[in-house]
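> Residue numbers (my numbering): 51 to 341. Virtual Cβ for every residue (Gly too), placed ideally from N, Cα, C.
1. Specify, as a first and last residue, the run of the alpha helix (DSSP H) that residue 99 falls within.
2. With burial defined as no fewer than 16 other Cβ atoms inside 10 Å of the residue's Cβ, what is the status of residue 250: buried or exposed?
3. Using only CA atoms, which one of 174, 287, 309, 213 lies nearest to residue 102?
4. In three-state terms, what does DSSP make of residue 131?
5. Which first and last residues belong to the beta strand (DSSP E) in which residue 312 is found?
6. Between the stretch 205 to 222 and the stretch 314 to 334, do three or more beta carbon pairs fall short of 8 Å?
7. Taking Cβ positions, are residue 188 and residue 317 nearer each other than 7 Å?
8. Measure the beta-carbon distance from residue 343 to residue 262 and round it to whole angstroms, keeping in mind my assumption that it falls under 8 Å.
9. Decide if residue 123 is buried, meaning its Cβ has at least 16 other Cβ atoms within 10 Å, or exposed.
10. Ordered along the chain, which non-local residues of its own chain (more than five positions away) have a Cβ less than 8 Å from that of residue 305?
11. Determine the DSSP secondary structure at residue 84, reduced to helix, strand or coil.
12. Should residue 80 be labelled buried (16 or more other beta-carbon atoms within 10 Å of its own) or exposed?
13. Can you tell me which of the three DSSP states residue 159 falls into?
14. Going by DSSP, what residue range makes up the alpha helix (DSSP H) through residue 247?
15. Is residue 335 closer than 7 Å to residue 259 when the C-beta atoms are compared?
16. So residue 168 is in the beta strand (DSSP E); what residue range does that whole segment cover?
17. I'd like the ranges of any alpha helix (DSSP H) spanning at least 4 consecutive residues and lying wholly in the stretch 196 to 253.
18. Check whether the stretch 216 to 236 touches the stretch 81 to 95, counting contact only when three or more Cβ pairs, one atom from each stretch, lie closer than 8 Å.
19. Can you tell me whether residue 119 is helix, strand or coil according to DSSP?
20. Are the CB atoms of residue 99 and residue 202 nearer to each other than 7 Å?
21. Between the stretch 106 to 113 and the stretch 176 to 190, are three or more C-beta pairs nearer than 8 Å?
22. Indicate whether residue 273 and residue 256 have their beta-carbon atoms separated by less than 7 Å.
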């Protein structure tokens, strides 16, 4: 959630990157154009312009994004609340070119007597219908401990492609939701084939509040240990690309920390490989206390 103004920086281990395909290049251009519109004309207009009609944001739970922005227009005569900057650092696209994801650093600035500078790591899922531009389907992110540098011209890592499937879209979605549910029940178990460690791809980005982004299975192992045996997550829904090689799910999670129960939202992007569905992006963001 680029509008969750906390602090973080996308720090990624060096990995071999794919050369951008035409579809990946167009997604990178769409994300950069989205960010440019925010910097030039304000966040509200940028989101209203780039959100799909079915977009989801988290306020604090999964919410119809277009309806939320329509109900929260900029107030006439009021100064801007601040400026939001971001840029993609890591993207992936289905071979059918209709589904993709983007993640990277964001920074918020409000200058004046009460100067605010904060930032984090955003994650967006994008969709594209035939003959139409890319639109944001889901947006979620995390904060961390430092205000990142946002370089619009930075190089972008492109995730490896998945393996297409001949299964119907309904069957593929049912399979992804089954895998997601199993992960939610066995998340922290390092020996389970359904746990986070086993389900994480080597090039996956894992985003956590207060940390930012970490990459791969070593990060998954650390996150699973920190989550503990009480961690549970439940999917709400998801979507699978036409090619059946990329999918996303989102939902809610809980974990017990001492005497308190921490609740939050998650967003997961799944890529099909020879062994089945693996996470290529995993985001978990806690709901603010009292929300």
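From the atom records:
1. Element bounds for residue 99: 93 to 100.
2. buried
3. Residue 174 is the option with its Cα nearest to residue 102.
4. coil
5. Element bounds for residue 312: 310 to 323.
6. yes
7. yes
8. Any question about residue 343 goes unanswered here, given that the chain covers just 51 to 341.
9. exposed
10. 277, 278, 280, 281, 282, 311, 312
11. helix
12. Residue burial annotation: residue 80 is buried, with at least 16 other C-beta atoms found within 10 angstroms of its C-beta.
13. strand
14. 246 to 249
15. Result yes, Cβ atoms of residue 259 and residue 335 sit closer than 7 Å.
16. 166 to 177
17. 219 to 236, 246 to 249
18. no
19. helix
20. no
21. yes
22. yes
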